[in-house]
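Now the structure itself:
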């Protein structure tokens, strides 16, 4: 009896579906919005160079969504976010604004998938900066 192997399914990285120009547009718009946001502007006022910050975040989202690195950036999530004073409400506001920004640049399905990744990162930040009980 002959068996045929089913064709292998090729998974397309999220970055290929979103594209680098769209990631760049979302990141640029998002951080412009942060600078005037009622709860996010003040904590993010520590950013000294917005162009560099945006460039790093475009690269970050590109690589975590499956794209090959094209710069030699290193990411230290905890170290970079410690000065912000991460709280659960701050993460909630960050995620809501990020999702709203995504929806202005892409279809809802892709935004939902990218937002799912962001929510996972938000959860990591919540755990890193959760108040410790003695």
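Residue numbers (our numbering): 2 to 135. Note that CB positions come from ideal geometry on N, CA and C, so glycine has one too.
- For a cut-off of 8 Å, the C-beta gap from residue 41 to residue 98 is around 7 Å, short enough to register as a contact.
- For residue 76, the number of other beta carbons within 10 angstroms of its own is below 16, and it is reported as exposed.
- Within the same chain, Cβ atoms closer than 7 Å to the Cβ of residue 72 are found at 60, the five residues on either side in sequence being excluded.
- For residue 17, the closest alpha carbon among the candidates 38, 53, 68 is that of 68.
- Nearest in C-alpha terms to residue 108, of all of 119, 27, 14, is 27.
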